[in-house]
Structures are given as C-alpha cells and as structure tokens.
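A quick write-up on the structure given underneath.
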Amino acid sequence: RINELLLVHEINITSPSAEGKAEYSRWVVKAQRSIVAVLEDLSSFRPPLDYLLELLPRLQVRYYSISSSPK
Numbered sequence: 086r087i088n089e090l091l092l093v094h095e096i097n098i099t100s101p102s103a104e105g106k107a108e109y110s111r112w113v114v115k116a117q118r119s120i121v122a123v124l125e126d127l128s129s130f131r132p133p134l135d136y137l138l139e140l141l142p143r144l145q146v147r148y149y150s151i152s153s154s155p156k
C-alpha cells in the first residue's frame, strides 16, 4: 500500500529501476515503516486525506463482544 501511495504521487523512491526497488526495499520493507512513518519522513508530501483513508485496512466484522462475558 505504501508503494501505491508513493507511485500515485510520483515520489521517486518507487522508480521501476533496480536501484529504485532496492531503495524502496531498504527504506520501507526492511525498516517495516508504516504509512504514518513514511508521511512523517516526507514532511513536505501531503496526499489528500480521502486517498489516505482508502489505503487503510478495512475493519473486520466481530461476531462476539468481550462485554458479553458473565463476569
């Protein structure tokens, strides 16, 4: 998902070259950076909020609740 974000907004770290792929792997994948961390590192980069919300994982349905415990 971070790759999509960077590609859509033309951040050069996602270049299709071998060098770009290696840089992306080092900077995002190996460092296990989240979308928030990437945005903090690229402080001048301001994608639209609606686009960021689309990148967030969807919440899964819960068929039970902790509050239903008899205690």
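Residue numbering for the sequence shown follows our numbering, starting at 86 and increasing by one per position.
Even glycine gets a Cβ: it sits at the ideal position worked out from N, Cα and C.
Straight-line Cα distance separating residue j from residue i
{"i": "A103", "j": "L137", "result": "27 Å"}
{"i": "A211", "j": "A122", "result": "Missing from the structure shown is residue 211; the chain here goes from 86 to 156 and no further."}
{"i": "K115", "j": "Y109", "result": "9 Å"}
{"i": "Y148", "j": "P132", "result": "35 Å"}
{"i": "L144", "j": "R111", "result": "29 Å"}
{"i": "S128", "j": "R118", "result": "15 Å"}
Residue i versus the options, residue with shortest Cα-Cα distance
{"i": "E139", "options": "W112, S110, I120, S128", "result": "I120"}
With 16 other Cβ atoms within 10 Å as the buried cut-off, status of residue i
{"i": "N113", "result": "Here the sequence assigns Val to residue 113, which means Asn is not the residue at that position. V113 comes out buried."}
Distance cut-off 6 Å: residue i Cβ against heavy atoms of the ligand NAD
{"i": "R111", "result": "Of the ligands one can find in the structure shown there are none, so the ligand NAD has no counterpart to examine."}
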